[in-house]
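**Q**
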Amino acid sequence: DQQVKQNSPSLSVQEGRISILNCDYTNSMFDYFLWYKKYPAEGPTFLISISSIKDKNEDGRFTVFLNKSAKHLSLHIVPSQPGDSAVYFCAATLGGYGNKLVFGAGTILRVKS
Amino acid sequence: DVKVTQSSRYLVKRTGEKVFLECVQDMDHENMFWYRQDPGLGLRLIYFSYDVKMKEKGDIPEGYSVSREKKERFSLILESASTNQTSMYLCASEAGGPNEQFFGPGTRLTVL
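Now the structure itself:
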């Protein structure tokens with residue numbers, strides 16, 4: 168049973184517009200959430216994170232929103248650029264020893280120029 | 097600059113062979129992880145280690161073992177490779193606490 172779900176396998180957006188990637192989770196004990204970006208033939212790279220005590224975190228063009236009551240988080244990219252085309256993984260952790268991350272299946276984002 | 101390296105980018109092995117995947121990090125991180133990535137399943141944790149000679153099973157440890165003899169090196173071992181272990185294998189390290197994990201470039205393993 169997947170505890171972290173990314174229900175959209177892919178998303179296509181026009182350059183300059185907003186990209187919204189969604190993620191749902193089932194375990195209310197998760198206390199920290201992260202987004203990773205992955206290009207083909209490369210390892211994932213950390214993008215942005217949010218603690219469960221916050222509802223928003225912003226870093227340049229990237230903003231993550233957390234709705235704890237709905238167990239939902241989203242990543243907003245504004246404006247989207249062709250270089251943002253990649254697979255985006257949502258991840259959550261219970262914290263504690265070893266900081267195990269639970270990943271979603273990923274969403275392929277294509278930004279069209 | 098942070099760096100995690102993996103011994104091979106591509107590997108082809110035969111069923112039943114013993115396979116070693118090596119990972120080295122240069123950041124003096126405490127924690128190291130092995131994941132496999134499969135389409136539609138995301139990244140799944142195989143094993144992790146929070147100290148030298150310490151290891152913990154992840155979500156899918158069956159058919160795998162690990163070794164951490166030095167802080168900077170974490171090895172994944174497939175004792176007897178099988179075709180269902182064909183996958184992308186990713187190593188990661190982390191300083192500890194709720195910090196981001198740094199990933200290596202991955203090893204694409206094909207078992208024939």
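Protein sequences appear in the order of chains A and B.
At position 53 of the first sequence the residue is numbered 220 (the numbering used here), and the sequence of numbers has no breaks.
At position 6 of the second sequence the residue is numbered 102 (the numbering used here), and the sequence of numbers has no breaks.
Note that beta-carbon positions come from the ideal geometry of N, C-alpha and C, so glycine has one too.
The model shown is predicted, which means the values in this text are computed figures rather than measured ones.
Checking contacts by CB at 8 Å: is Q197(B) closer than that to chain A?
**A** Yes, Q197(B) counts as interfacial toward chain A.
**Q** Among F197(A), R184(A) and S177(A), whose alpha-carbon lies nearest the alpha-carbon of T274(A)?
**A** The shortest Cα separation from T274(A) among F197(A), R184(A) and S177(A) belongs to S177(A).
**Q** Return the CA-CA distance between Q197(B) and T111(B), expressed in angstroms with no decimal places.
**A** The straight-line gap from Cα to Cα measures roughly 32 Å.
**Q** Hey, how far is the Cα of A258(A) from the Cα of L139(B)?
**A** 9 Å
**Q** Would you call the segment 151-159 of chain B and the segment 104-123 of chain B touching, i.e. three or more CB-CB distances under 8 Å?
**A** no
**Q** Nearest to L242(A) by CA position, among S236(A), D226(A), P249(A) and G250(A), is which residue?
**A** D226(A)
**Q** Roughly how many angstroms lie between the CA atoms of A253(A) and Q181(B), to the nearest whole one?
**A** 25 Å
**Q** Assuming R144(B) contacts F129(B) under a Cβ cut-off of 8 Å, what Cβ separation, rounded to an integer in Å, is found between them?
**A** Here the sequence assigns Phe to residue 144(B), which means Arg is not the residue at that position. Confirmed, Cβ separation roughly 4 Å.
**Q** Alpha carbon to alpha carbon, what distance is there between K204(A) and S175(A)?
**A** 15 Å
**Q** List the endpoints of the continuous beta strand (DSSP E) containing H243(A).
**A** H239 to I244
**Q** Here's the rule I'm using: 16 or more other beta-carbon atoms within 10 Å means buried, otherwise exposed. How should V108(B) be labelled?
**A** exposed
**Q** Of all the CB atoms in chain A, is at least one closer than 8 Å to the CB of F144(B)?
**A** Yes, because at least one Cβ of chain A sits closer than 8 Å to the Cβ of F144(B).
**Q** With 8 Å set as the bound, which would you pick, yes or no: does the beta-carbon of G271(A) sit closer than that to a beta-carbon of chain B?
**A** So yes, G271(A) belongs to the interface.
**Q** Give a yes or no on whether the C-beta atoms belonging to V148(B) and Q121(B) are separated by under 8 Å.
**A** no
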